[in-house]
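This report refers to the structure that appears directly beneath it.
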Amino acid sequence: GLPMYVAMMKGYVDNNLPEKAIDLFNKVENPDDVNVTILFNACAQLKTKEALDLVKKTSKEIPKSFYANPRLFTSLLDALMKCGDVVHAESLFYSSEQKVSSSYGAMMKGLNLNHFLN
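So the sequence shown is residues 1 to 118, counted in the UniProt record's numbering.
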């Protein structure tokens with residue numbers, strides 16, 4: 001079931017094989033918040049337009065309740081930033097009621113990465 005997918009996806013991401021993690025994610029029926037978090041981490045590694053499109057598509061399709069998971073929310077911000085969508089990341093960050101230190105960290109790193117901080 002899902003724990004096996006989570007373990008495999010995490011292993012792929014940890015070993016810099018984000019494409020394999022994404023392929024596996026696409027086979028999961030009804031992914032949970034952990035699967036989605038790992039997907040966002042894989043997309044953040046890729047930093048491509050296709051990865052950004054997948055992040056946006058997935059973030060629209062997941063249940064709103066998933067956004068309450070600080071790890072998922074932070075990985076979403078990180079993926080958006082690393083794929084270059086600063087505007088979307090900022091909009092999500094500022095509209096979120098749940099700002100945890102990790103989401104601030106993802107925003108700061110992302111702004112720095114995209115040359116908004118000097």
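C-beta atoms are modelled at their ideal positions from N, C-alpha and C, and glycine is treated no differently.
The DSSP-derived three-state label of THR48 is coil.
LYS27 carries a coil assignment under DSSP once its states are collapsed to helix, strand and coil. Comparing alpha-carbon positions, the option among VAL100, MET9, PRO3 lying closest to ASN69 turns out to be VAL100. For ASN112, the enclosing alpha helix (DSSP H) covers residues 101-113.
The DSSP-derived three-state label of LEU17 is coil.
Sequence-distant partners of SER102 (beyond 5 residues in either direction) whose C-beta falls short of 8 Å from its own C-beta, in its chain, are PRO70, ARG71, THR74. Between LYS27 and CYS83, the gap from beta carbon to beta carbon reaches 7 Å or more. Closest in alpha carbon position to LEU2, among PHE93, LEU39, GLU19, GLU29, is GLU29. Sorting LEU77, SER91, ASN114, LEU92 by C-alpha distance to the C-alpha of GLY105 places LEU77 at the top. Setting aside the 5 residues that flank it on each side, SER96 is surrounded in the same chain by TYR67, PHE73, SER103, each with a C-beta closer than 8 Å to its C-beta; the list follows chain order.
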